[in-house]
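Those letters in the sequence shown? Residues 1 to 637, per the UniProt record's numbering, in order.
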Amino acid sequence: MRETIRLTTAQALVKFLNQQYIYVDGVETPFVEGVFNIFGHGNVLGLGHALEENPGHLNVMQGKNEQGMAHAAIAYAKQMKRQKIYAVTASAGPGSANMITAAATAHANNIPVLFLPADTFATRQPDPVLQQLEHESSISLTTNDAFKAVSRYWDRVTRPEQLMSALIRAFEVMTNPATAGPATICLPQDTEGEAFDFDASFFKKRVHYLDRTSPVERALNDALDRIKESKRPVMIVGGGARYSGAGEIIQQIATQHNIPLVETHAGKSTIPNSFAYNLGGTGILGTSAANKAIESTDLVIGIGTRYTDFTTSSKTAFNYDKTRFININVSRVQAYKFDALQVVGDAKASLEWFSQHLDDYKASYGHELEEWQKEWQEERQRLHNIVFNRETFKAEIADHFSQEIMNDYADVLQTEFTQTNALITLNDTVADDSVVVASAGSLPGDVQRLWETDTVNTYHLEYGYSCMGYEVAGALGAKLANPNQEVYAVLGDGSFLMLHTELVTALQYKQKINICLFDNAGYGCINNLQMSNGGGSFNCELRDADNQIMAIDYAMVAKGYGAKVYRVNTREELVAALEDAKKQTVSTLIDIKVLPKTMTDGYGGWWNVGVSEVSDNPNVTQAWKQREQKLEKAWKY
């Protein structure tokens with residue numbers, strides 16, 4: 001007779017999580033680090049009891065906002081290169097619904113997270129229960145059906161024995177590099193507590209092998225021919241290169257064959273910034289050096305990139321009359337983009353093969369790479385030293401804002417500090433192995449262009465979904481992954497207002513994070529977008545009912561939570577605050593007042609957004625015409 005173990009569904013789930021391991025390049029480690037939770041009536045008596053009774057090695061952490069704690073789980077997995085995860089659980093109804101945004105964030109970034117939302121009764125006997133939706137079309141629909149659109153795998157366990165197939169399938173998806181992303185298993189609150197005689201073999205140690213898949217020989221040889229035929233190839237280093245650990249082989253190929261590289265948001269910090277062939281971020285948020293290389297290339301070698309619109313400047317970055325593509329990707333879907341030659345396989349394994357077969361091939365770049373780099377470094381230095389001067393007001397600082405409005409901001413915020421000056425000062429002052437976390441607003445463009453680090457895997461930009469409110473929670477997740485490194489959340493006042501409550505979680509569990517809050521009294525990124533497309537400044541500034549700029553003391557908010565806080569208005573004050581923050585053992589918040597319209601912009605990128613074709617405003621009409629002209633050179637399919 002086969003051995004069985006009688007457990008509730010929730011107990012079996014916890015026992016199973018403790019037995020999942022991952023094997024990468026000869027190293028075996030537990031895959032599930034812990035569980036973030038906010039308990040409610042839907043999960044506290046089932047899964048909550050199971051975690052209280054016997055959590056095993058799982059680190060059980062109490063979140064403060066369901067979306068926030070899930071963002072922390074995403075950041076942890078991202079920082080661990082998808083080789084470790086947290087599960088997240090919330091109660092039925094609004095608690096679980098709050099995690100949907102985070103699930104979408106994980107999906108867009110291909111990050112594995114196990115979502116365990118509680119659900120209504122499987123028996124339906126007490127329906128409609130508290131927080132249950134009722135649909136005339138189907139009694140089986142619940143809030144958790146909304147997770148289907150934002151999950152790589154979705155299931156609802158209505159009987160205890162269904163847990164076995166559901167979990168095995170979920171872990172296959174999460175540990176598969178080609179399908180990695182969020183898995184959602186909905187847990188009806190009655191099913192959580194129901195018992196079953198589970199086969200003991202279900203709880204044996206399971207090892208998930210991340211084998212490096214090699215492309216087929218035909219694809220490798222065809223790609224090799226295409227590279228050797230090219231004169232000016234460029235490598236685009238995406239997130240897949242980072243997760244594959246392909247940084248060293250990329251540098252080797254670049255050096256030996258004179259091939260420059262540019263970075264996507266997910267790929268940045270795969271390669272040190274000081275590496276001679278690294279031209280920096282590409283696309284809408286790219287450097288002038290990277291965008292010049294992309295514009296002049298005849299062959300793009302995409303390494304683990306999804307080619308988002310910000311990477312491709314809405315598909316206008318390339319000269320399609322002369323540029324061809326090779327895509328190296330574990331996902332066949334991604335490899336097909338831009339009608340590329342598809343090299344379906346692991347980035348590191350593929351590039352190692354190319355390195356052995358490129359022989360004496362060299363790209364025909366002269367001194368251009370050095371010149372482009374020098375030009376960009378001079379621009380970075382200029383951006384560092386821009387100073388707002390009321391007497392010598394410059395349009396490049398204020399854009400569409402008038403001298404009077406800028407003076408008002410300077411008076412209300414009591415600052416003349418520019419955003420680029422502040423960010424570069426931050427970059428130059430923190431330790432090189434510090435992890436920087438950003439996500440939304442104008443700051444992603446600034447960090448993508450301006451942030452420099454020579455420590456691998458220390459740049460953490462969530463830009464697959466650009467989710468406002470990710471930054472503080474993301475910093476907590478990054479800190480859990482890198483406990484011996486300083487972690488800095490770089491965010492605007494808009495994101496802070498959206499979601500910052502996992503700062504309390506960081507304080508609660510003594511996980512020190514540093515929040516660098518750039519306050520320009522508004523949603524500056526979107527304000528720039530509306531004004532640069534002919535509109536006015538409408539509803540994007542933080543103004544009160546009397547149309548006065550709001551001055552909010554964010555440091556006071558964090559101080560109330562128990563953080564060490566600083567108020568900064570100048571470069572000197574910022575340096576002093578950062579140096580003192582390094583000495584702290586408690587989480588810190590630096591409230592940095594900066595002027596609006598002082599972020600980076602341009603450098604060859606263009607963003608396709610929906611401009612009104614019909615308008616009474618001639619500036620908007622002109623913006624629509626300019627958009628149509630740009631679209632003439634865009635990729636059509």
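We treat Cβ as the ideally placed atom computed from N, Cα and C, and that holds for glycine. In this text, all values refer to a predicted model and were calculated from it rather than measured experimentally.
- For Pro215, the CB contacts under 6 Å within the same chain, skipping 5 residues up- and downstream, are Val343, Val344, Gly345 and Ser350 in chain order.
- The beta carbons of Asn98 and Asn65 sit closer together than 8 Å.
- Of Trp154, Pro160 and Arg159, the smallest CA-CA separation from Ala170 is found for Trp154.
- DSSP lists no bridge partner for Asn319.
- Sequence-distant Cβ neighbours of Gly193 in its own chain, meaning closer than 6 Å and more than five residues away, are Thr8 and Gly46.
- A contact is defined here as three or more CB-CB pairs under 8 Å, and the region 552–559 meets this definition with respect to the region 582–593.
- Restricted to the region 34–110, the beta strand (DSSP E) segments that are unbroken, complete and at least 3 residues in length are 59–62 and 85–90, listed in chain order.
- With fewer than 16 other Cβ atoms from the protein chains shown falling within 10 Å of its own Cβ, Gln403 counts as exposed.
- Distance from the CA atom of Asn43 to the CA atom of Asp119, rounded to whole angstroms, is 8 Å.
- If you look at His208, you'll find it in the beta strand (DSSP E) that goes Arg206 to Tyr209.
- Each residue's CA atom was taken as its position, placing Tyr566 and Ala577 some 6 Å apart.
- Scanning its chain for C-beta atoms nearer than 6 Å, with the 5 sequence neighbours on each side dropped, one finds around Asn520 the residues Val594 and Pro596, in chain order.
- Sequence-distant partners of Arg212 (beyond 5 residues in either direction) whose C-beta falls short of 7 Å from its own C-beta, in its chain, are Asp346, Lys348 and Ala349.
- Put simply, of Glu248, Thr89, Ile168 and Asp408 the residue whose alpha carbon is nearest the alpha carbon of Leu542 is Asp408.
- For Cys525, the enclosing alpha helix (DSSP H) starts and ends at Gly524 to Ser532.
- Rounded to whole angstroms, the Cβ separation of Tyr488 and Ser434 is 6 Å, and the two are in contact under 8 Å.
- Residue environment analysis places Met406 among the buried positions, since at least 16 neighbouring C-beta atoms fall within 10 angstroms of its C-beta.
- Shown here, Asn329 sits in a strand according to DSSP, grouped into three states.
- By the neighbour-count criterion, in which a residue is buried when 16 or more other Cβ atoms sit within 10 angstroms of its Cβ, Pro128 is exposed.
- Gly247 is a Cβ neighbour of Val456, given a cutoff of 8 Å.
- Phe198 sits in a strand when the DSSP states are folded into three classes.
- When DSSP states are grouped into helix, strand and coil, Leu450 belongs to the helix group.
- Separation of the CB atoms of Gly40 and Ser91 is rounded to 2 Å, and the pair is thereby assigned contact status at 8 Å.
- For Ile424, the enclosing alpha helix (DSSP H) stretches over residues Gln419 to Thr429.
- According to the DSSP assignment, Pro30 belongs to no alpha helix (DSSP H) but to the beta strand (DSSP E) extending over Val27 to Pro30.
- Per DSSP, reduced to three states, the secondary structure at Tyr409 is helical.
- Distance check between Tyr603 and each of Asp446, Ile303 and Phe147 places Asp446 closest, using alpha-carbon atoms only.
- Between the C-alpha atoms of Val611 and Ile526 there is a straight-line separation of about 13 Å.
- Sixteen is the threshold: since fewer than 16 other Cβ atoms of the shown chains lie within 10 Å of the Cβ of Phe538, the residue is exposed.
- Secondary-structure assignment with DSSP links Leu116 through a beta bridge to Thr89.
- Contact annotation, His384 with Ile424: C-beta distance approximately 4 Å; criterion of less than 8 Å satisfied.
- Around Arg218, the same chain offers no residue with a beta carbon nearer than 6 Å, after the five sequence neighbours per side are excluded.
- Here Leu507 is actually not in contact with Tyr470; their C-beta atoms are around 19 Å apart, not less than 8 Å.
- Residue burial is scored here from C-beta neighbours: Ser201 has fewer than 16 other C-beta atoms within 10 angstroms and is therefore classed as exposed.
- Assigned with DSSP and collapsed to three states, Met498 falls in helix.
- Of the candidates Asn617, Ile513, Glu371 and Gln373, Asn617 places its Cα closest to the Cα of Gly535.
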